[in-house]
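Numbering (the working numbering), first residue to last: 510 to 1065. Input: a single structure, listed below in structure tokens.
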Amino acid sequence: MSTQTFAPVKSNSFAILQPEKTLAGSPIQPIRKGLPKTTQSLCPECSQVIDATIFEENGRVLMEKTCPQHGDFRDTVYSDARLYLKMEEWSFGDNRGVSNPAVPNATKCPDECGLCSMHTSHTGLANVDLTNRCNLTCPVCFANANASGYLYEPPVDQIRTMLLALRAERPVSGRIVQFSGGEPTIHPEFIRIVAMAREMGFSHIQAATNGIKFSNLEFAQRAKEAGLHTLYLQFDGVCDEIYQRTRGESLIEKKLQCIENARKAGLKICFVPTIVKGLNDHQIGDVIRLALDNIDCVSAISFQPVAFTGRISRRELEQKRFTLPDLARAVHEQTGICDMYEDWFPLSCVTPFSKLLSALRGELTTHLSCHPHCSIGTYLFVDQNKKGTPVTRFIDIGGMLQDMDLLARKADKQRIKFFSKLSAWNSLRKHFHADRAPEGLTFEKFLQTLQGMMDKRYGRGKAEEANFSYKTLMVAGMHFMDHYNYDIERLKRCVIHYAAPNGLIYPFCAYNGGPTYRERIELAYSVAIEDQPQMKVLRTGRIDQRHPPLVTATLS
510 MSTQTFAPVK SNSFAILQPE KTLAGSPIQP IRKGLPKTTQ SLCPECSQVI
560 DATIFEENGR VLMEKTCPQH GDFRDTVYSD ARLYLKMEEW SFGDNRGVSN
610 PAVPNATKCP DECGLCSMHT SHTGLANVDL TNRCNLTCPV CFANANASGY
660 LYEPPVDQIR TMLLALRAER PVSGRIVQFS GGEPTIHPEF IRIVAMAREM
710 GFSHIQAATN GIKFSNLEFA QRAKEAGLHT LYLQFDGVCD EIYQRTRGES
760 LIEKKLQCIE NARKAGLKIC FVPTIVKGLN DHQIGDVIRL ALDNIDCVSA
810 ISFQPVAFTG RISRRELEQK RFTLPDLARA VHEQTGICDM YEDWFPLSCV
860 TPFSKLLSAL RGELTTHLSC HPHCSIGTYL FVDQNKKGTP VTRFIDIGGM
910 LQDMDLLARK ADKQRIKFFS KLSAWNSLRK HFHADRAPEG LTFEKFLQTL
960 QGMMDKRYGR GKAEEANFSY KTLMVAGMHF MDHYNYDIER LKRCVIHYAA
1010 PNGLIYPFCA YNGGPTYRER IELAYSVAIE DQPQMKVLRT GRIDQRHPPL
1060 VTATLS
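Right under this line is the structure:
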């Protein structure tokens, strides 16, 4: 099989379909492309909105900004300008948000979240925090590791209200929910809450977890029976030395037992390593190899570079900042699998496929219309020998994505009157090169696998057990923002949201960064620890200002 990559190049005649307004009527400013450019950011000291310049210097992409009160700030947002510009090339235009925003006439971002009329993306993945309790005390945490002094643990009825807010989004209702925290599994009604979400129509339910509870097989089986599909498993490395430094305990045996129990229970796993430069970035390749060894139950890895809260010197920031190109470079150097410039794309590049599915099915589907600099990803197709092959080795990704986008426009406009679904799919066959594909992967199975990636209901049950689709491993990087690299243009396009007890829905990087709505929400819907003496139990009920494994960590 050839190792040559099909160079992803856009046709000069291809024009992006860019909407002018959101469904709620707010104007959409297209993504600014190229370097240099200006954007709006936040002051790391006072959080006021300030102008910022993004530019190239010595092959890196930097952000500079000045606060009238607190002076100049400078940070690396992308350590490789070539990859930065490539990500922009593979943006396929904005989405149009929701038609029923909680804040209908918004003018100020990030001060009017809810979702607001300015937000261009509907919810791709919804987080619901079940508790701020945790059964770990991690030295590396998103906010700080000191006890918060209060208990945030919404009752079931309040959680139902949060889930209803997600299901009420229009025109595309929230369909994928992730229970987080704290450690969500220590909520006393966790199993009941999972079952409730299934009954409410969520097509995919997952838990952001450290895996400790799932090291008990009975608990894993009960969660699966209730409707849980995936563990978003905190997974910082493959040895206890790493966990001692990142989580304060030796955890690798519990992690491995969690994997085994997930396999027995029929749960899928996404590894979630928080990457700290100089601490565990040398184990990126080891984590990928472990995932490939367990490809029957591990379907994805979401590497999350550390984000910073609190004050940090410019020198320390430069030393510790780990960006998405650093991840792509490390994957290549430690595994030899992926080419840094050919095999990585922004995760939003899948929107042409989801739009085509929507048009051919005649039903609205979820589109991952995030900013091209929020994430990078690649798909490995894994054969029976557990060898991963990047999709770019046998698919002309550039040509296929462009054709999918054009087909989606045609199908949506003509409502499938002038060509059949079969002819639409067959028109993409020219981009598939069977002589370079992994053993056993046909064009038909490739399409089935793609549909399973986009629609979590697709391929489940007996058909999947009968090798309905091909094994894949998504390797992705998600770089959540902090005050130093904050870009409001990214925030407006966020697809990862939080549902809160007040009935509002917040973009991830506004909930955990920037205005940090989390702090206000938790304080408003919490009780003092003194009023909950039973919650003082250590190990299984420690009260910390804890954040989910989904969140990138902080050094404070």
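No residue lacks a Cβ here, since even glycine has one placed at the ideal position from N, Cα and C. A quick note: this is a predicted structure, and the numbers were derived from the prediction, not measured.
According to the neighbour-count rule (16 or more other Cβ atoms, all chains shown, within 10 Å of its Cβ), is HIS579 buried or exposed? Burial call: exposed.
Can you tell me whether PHE831 is helix, strand or coil according to DSSP? In the structure shown, PHE831 sits in coil (DSSP, three-state: anything other than H, G, I, E or B).
If you draw a straight line from the C-alpha of MET913 to the C-alpha of ALA611, how long is it? Cα to Cα, the separation comes out at about 33 Å.
Beta-carbon contacts of HIS992 that lie in its chain and below 6 Å, excluding the five residues immediately before and after: LEU551 and PRO553
Cβ of GLN766 within 8 Å of Cβ of SER808? no
How would you call CYS858, buried or exposed, if buried means at least 16 neighbouring beta carbons within 10 angstroms? buried
Among LYS1001, GLN715, THR755 and ALA1037, which has the Cα closest to the Cα of THR616? LYS1001
Using the three-state DSSP reduction, which class does HIS841 fall into: helix, strand or coil? helix
Of all the options SER712, TRP599 and GLY691, which has the alpha carbon lying nearest to the alpha carbon of THR646? GLY691
Any idea if LYS930 is buried or exposed, counting beta-carbon neighbours within 10 angstroms, 16 or more meaning buried? exposed
Please specify which runs of the beta strand (DSSP E), each continuous and at least 3 residues long, are wholly inside the stretch 761 to 836, giving them in chain order. Correct list: 777 to 781 and 807 to 814.
Is DSSP giving GLN743 helix, strand or coil here? DSSP places GLN743 in the strand class (E or B) of the three-state scheme.
In this structure, how does DSSP classify LEU571 when only helix, strand and coil are distinguished? Under the three-state reduction of DSSP, LEU571 is assigned to strand.
Between ALA1019 and CYS555, how many whole angstroms is the CB-CB distance? I'm expecting something under 8 Å. With 8 Å as the limit, ALA1019 and CYS555 do not qualify as a contact, their Cβ atoms being about 17 Å apart.
Report the three-state DSSP secondary structure of ASP749 (helix, strand or coil). Assignment of ASP749 by DSSP, reduced to helix, strand and coil, places it in the helix class.
PHE890 by DSSP, collapsed to three states: which one? strand
8 Å contact criterion, which VAL796 and PHE780 should meet: CB distance rounded: 6 Å
Just reading off the beta strand (DSSP E) that ILE702 is part of, what are its end residues? It is not in any beta strand (DSSP E) - ILE702 instead sits in the alpha helix (DSSP H) that spans 699 to 708.
Based on the DSSP secondary-structure assignment, which residues constitute the bridge partners of VAL612? CYS625
Indicate whether the contact test is met: 3 or more Cβ pairs, each with one atom in the stretch 675 to 694 and one in the stretch 710 to 720, closer than 8 Å. Touching, yes.
Tell me, which residues are paired with ARG591 by DSSP? In the DSSP output, where bridge partners are listed per residue, ARG591 has none listed.
Please report the distance separating the alpha-carbon of MET1077 from that of ALA706. Any answer about residue 1077 is impossible in this case: the structure gives the chain only from 510 up to 1065.
Host beta strand (DSSP E) of ASN636 (start-end): 634 to 638
Could you confirm whether any beta carbon from chain B is found closer than 8 Å to the beta carbon of ASP749? This model lacks chain B altogether, as it is built from one protein chain only.
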